[in-house]
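Residue numbers (the working numbering): -10 to 270. Below is one structure, written out as structure tokens, with a few remarks after it.
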Amino acid sequence: MPAWDEVPDRERPWFERAMEVYAAQIDRMDQGIGALLAALEETGRLDNTLILFLADNGGCAEVLTDQWTGLAIPRQALDGSPVAVGNDTRVLPGPESSYQSYGPHWAHVSNTPFRLYKHWVHEGGIASPLIVHWPNRITEGGGIVGETAHVVDLMATALDAAGASHPSSRADEDWIPVEGTSLLPAFQDQPLEREAVFWEHEGNRAVRSGKWKLVSRHPGEWELYDLLADRTEAYDLAADEPEQVAALAALWNDWAARTGVVPWDEIRERRRAARVLLSRP
């Protein structure tokens, strides 16, 4: 990423506005959360409501172009005027007439010091703090808990908090068991009893067990990091710890088989074949 002094003068207004819009979105979200909390407080429900807040994932380094399509990308504004899609530095982001991203430059700033971004499963793509608020059950507020959690834990946590159980079937159809672990013990600064947590996204793979994290950027080989000593994944220990790599890789393979992970290359081939079929006369 270039230093700010190296950004051409004609492009600086675009980069400034991109972060201004990003900050404005956070401000609007913050106001919405505030309104929700105020409503809970007014109705006397705030202290006994479990609130979990976390960011989606790492900063997004994607650069939009006018070729991007999708249900979330509008081509027309509400008044029918066209929407300029893509990171054209001649078009300032923010109004309804534009659809852009803040790109790799600001994602790099947002993710420092972690590696990579949204889409990958190195820490820059998955690390997110989780803020928990539940005064009736968390008597010592304001603390920091160092346990490793995963979004799959949110369902298990909600079930545990409500005193409910996840059904094993419905209408004679078996349901997939909940993968997550309840985080309620962590709210009382107790350890979570789990062997590992896993990730897979478009071929990018990872498993975390204790201090060890095994991770691969598709289609690369496994990398091994000691996250207690090396939170930023700077020193790959895979060559020095082959037995640890083999053990964690076996855990990941077992998880992938149990949960139905399909190899990314196979999915891409299915999509390619489907496009070929659709294009035939």
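Ideal Cβ placement from N, Cα and C applies to all residues, glycine included. Just so it is clear, the structure is predicted and the values come from calculations on it, not from any experiment.
Run through the DSSP bridge pairs and tell me what residue i is partnered with.
i    : result
D163 : S158
A195 : W188, V204
F176 : None; F176 has no bridge partner.
V121 : L41
L213 : L203
P71  : Q65
With H, G and I counted as helix, E and B as strand and the rest as coil, what does DSSP make of residue i?
i     : result
A218  : coil
S171  : coil
V98   : helix
Y106  : coil
Y91   : coil
P(-3) : coil
M18   : helix
A138  : coil
Q233  : helix
Y11   : helix
Just the Cα atoms here: how many angstroms apart are residue i and residue j?
i     : j      : result
S205  : M(-10) : 23 Å
A(-8) : Y91    : 16 Å
E182  : D16    : 37 Å
I127  : Q89    : 40 Å
I22   : G135   : 25 Å
A7    : W241   : 38 Å
L217  : T137   : 12 Å
A246  : I120   : 32 Å
F187  : R220   : 17 Å
Could you check how far apart the C-beta atoms of residue i and residue j are, in whole angstroms? I think they sit under 8 Å.
i    : j    : result
F42  : W123 : Not a contact, Cβ separation roughly 12 Å.
P63  : V72  : 5 Å
E85  : A61  : E85 to A61, Cβ: 14 Å. No contact.
G169 : L203 : So it is not a contact: roughly 20 Å between Cβ atoms.
D227 : W211 : Just to set this straight, residue 227 is Ala in the shown sequence, not Asp. A227 to W211, Cβ: 6 Å. Contact.
### Task
Would you check if the region 112 to 123 and the region 36 to 48 touch, i.e. whether three or more CB-CB distances between them fall below 8 Å?
They touch, by the three-pair rule.
### Query
Between the region 186 to 205 and the region 231 to 247, do three or more beta carbon pairs fall short of 8 Å?
With the rule of 3 Cβ pairs closer than 8 Å, the region 186 to 205 counts as touching the region 231 to 247.
### Message
So, does the region 16 to 32 touch the region 99 to 112, judging by three or more C-beta pairs under 8 Å?
### Response
No, the region 16 to 32 does not touch the region 99 to 112.
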